[in-house]
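Mapping the sequence shown onto UniProt numbering, position 15 (from 1) lands on 15, and the numbers just tick up by one.
We put the beta carbon where it would ideally sit given N, CA and C, even for glycine.
None of these values were measured; they are calculated from a predicted model.
Notes for the one structure printed next.
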Amino acid sequence: MPPKADAGKAKVHSRSSQTCLSSQSNSVETQEEAEFSQLSVYDIISRIEERNRDPLVAALVRALALKIPQELSRQVEEEQRQRTIVISGIEEAAGDLRPSEHQLDVEEKVTDRRNGYNFCLNNSSP
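So, in C-alpha cells, the structure goes:
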C-alpha cells in the first residue's frame, strides 16, 4: 500500500495536468472564436451544419440561411425609404434622357417648386 503522502502528490499532479489541458482547450476555443468573426454568414452556417447531428437544428439553420438575404434587403430598403422625400406633382422626365440629364431635370423641377413655395434649402426652420 503506498504511503498517503504519495497519494496526495498524485492527486495534485492530476489536478495540475487537468488545469493545463483545460487552459489549452480554452485557448484553442478563443482562437476559433476569433476566426469565426472573419467568416462569412454562409461559412458559419456551413460549419454549424458540419457539426450538427440534430435534424431539427439542421432544418432551423437552413430556414435561417434563407431568411438572412430577405431580412438584409428589407432593412436596406427601409433605410432608403427613410431618407427619401416624395414631392407630389412633379412630372417624370422623358425616358430617353441620360442619367445625368434626368437628375438635372428633376433638380430643376424641384427647385422651381420650392421657389414657388418660397422655401429655402438652407433654412430648415418653419
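Considering just the uninterrupted stretch of the alpha helix (DSSP H) at residue i, what are its terminal residues?
i, result
"Ser-100", "99-116"
"Ser-73", "55-82"
"Ile-44", "41-51"
Going by CA-CA distance only, name the one from the options that's closest to residue i.
i, options, result
"Ala-94", "Ala-65, Asp-105, Leu-66", "Asp-105"
"Glu-49", "Thr-84, Arg-81, Arg-62", "Arg-62"
"Ser-46", "His-102, Val-110, Ala-65", "Ala-65"
Could you check how far apart the C-beta atoms of residue i and residue j are, in whole angstroms? I think they sit under 8 Å.
i, j, result
"Ile-90", "Arg-113", "7 Å"
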